[in-house]
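Numbering (the working numbering), first residue to last: 0 to 279.
C-beta atoms are modelled at their ideal positions from N, C-alpha and C, and glycine is treated no differently.
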Amino acid sequence: MIESISSSERLVGSAGARSRWRGMLAEYLGLTIALIGLVVFFSLATKHFFSPTNFTTIANQIPSAILVATGVTFVLIIAEIDLSVGSVLGLCGAVLGVLVSKAGCPLWLVVPAVLLTGLACGAFNGLVSLRWRLPSFIVTLGMLEMARGGAHFITGSRTEYLGSKVASIAGWSVLGLSFPFLLAVLLVLVAQLVLTRTVFGRQLIAIGTNEEAVRLSGIDPRPRKLAVFMLTGLLVSLAAIVDVSRFQSANPNDGIGFELQAIAAVVIGGTSLMGGRGSV
């Protein structure tokens with residue numbers, strides 16, 4: 000009797016695993032085929048596309064996009080949206096540029112200030128949206144304008160040229176891959192583990208699926224939503240540091256339209272705009 004029950008449990012577990020794999024295959028099959036098709040097309044169209052040098056060049060150009068998209072993934076999973084990420088990136092870059100070029104502050108002081116700027120913007124988005132029950136679409140749209148205006152105000156609408164003062168942030172690499180890219184990949188892995196292997200991550204997915212059910216089960220969604228908005232602000236500030244160090248300048252117009260690129264990338268990657276489903 001015990002053996003038959005154990006055998007039944009194994010069969011159920013095996014069937015469940017096969018079902019999950021079939022679901023994942025169905026979800027990502029189209030994306031995988033499209034990606035392979037693009038790689039094949041550009042490999043045939045461009046002589047040096049499928050080369051290590053080209054791939055390392057691409058990898059070293061996308062860390063900021065990876066960081067911002069990671070934050071946006073968490074926001075969409077909880078069925079919210081953040082339209083301010085591009086402008087907050089510009090504001091954080093402007094803060095870095097002004098502190099380095101005009102105030103002459105050392106990097107060990109500037110980097111925490113930039114991170115705090117991103118955290119503050121994320122906290123504002125979360126607190127205003129949750130406290131007054133305003134749609135995050137409206138709140139972050141307001142932050143989009145405020146952050147962009149703040150970036151122009153503190154820079155006087157001028158580009159701050161920093162030269163080698165910030166080059167050390169992205170100055171070393173491993174096998175041709177820059178430190179910002181390696182950091183971005185590490186943070187993506189950590190974010191995926193948090194989302195899929197922790198109670199906090201499962202709570203976020205549950206909030207995006209049915210927030211009212213989560214509330215009735217005794218879990219307050221508000222602090223978790225606030226944490227997500229603050230995490231997004233932090234990742235955006237990291238992206239700003241990466242961009243400024245790469246271009247060695249800070250432009251108040253940096254990040255214009257970046258929010259739409261990030262949302263598009265996340266949705267193409269399989270995260271639902273309706274919340275409750277997705278991965279980093």
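DSSP bridge partner residues for residue i (one or two, in chain order)
i, result
"E159", "A249"
"V241", "Paired residues: none, contrary to the question."
"S167", "Looking at the DSSP assignment, S167 forms no beta bridge with any residue, so it has no partner."
"L126", "None; L126 has no bridge partner."
"S317", "Past the boundaries of the shown model lies residue 317; the chain is included only from 0 to 279, so the question cannot be answered."
Residue environment, residue i, which counts as buried when at least 16 other CB atoms sit within 10 Å
i, result
"T56", "exposed"
"L10", "Since pLDDT at L10 reaches only 47, below the 50 mark, its modelled position is unreliable, and no value is offered."
"D219", "exposed"
"L90", "buried"
"T139", "buried"
"R147", "buried"
"I267", "exposed"
Inter-residue Cα distance where the pair is residue i and residue j
i, j, result
"L37", "I262", "21 Å"
"T154", "V99", "12 Å"
"A226", "T116", "15 Å"
"Q247", "R130", "39 Å"
"R157", "P222", "38 Å"
Residues near residue i by beta carbon distance below 6 Å, same chain, minus five either side
i, result
"L143", "L82, S83 and S86"
"T231", "G70, V74, D81 and G121"
"N209", "none"
"S244", "V165, I168 and A169"
8 Å Cβ shell around residue i - same chain, five flanking residues per side excluded
i, result
"A190", "T69, T72, F73 and V279"
"L118", "M229, G232, L233 and S236"
"G12", "Residue confidence for G12 is low, a pLDDT of 49 falling below 50, so the modelled location carries little weight and cannot support an answer."
"L126", "L225"
Proximal residues to residue i (C-beta, below 7 Å), its chain only, five neighbours per side dropped
i, result
"I4", "For I4, the predicted model reports a pLDDT of 47, less than 50, meaning its position is unreliable; a value from the coordinates is still stated below. None."
"H113", "Contrary to the premise, residue 113 reads as Val rather than His in this sequence. For V113, where only same-chain residues beyond five positions count, the Cβ hits under 7 Å are C91, V94, L95, S236, A239 and I240."
Quick check: the region 191-206 against the region 47-66, are there 3 or more CB pairs under 8 Å?
No, because fewer than three Cβ pairs between the region 191-206 and the region 47-66 fall closer than 8 Å, the two stretches do not touch.
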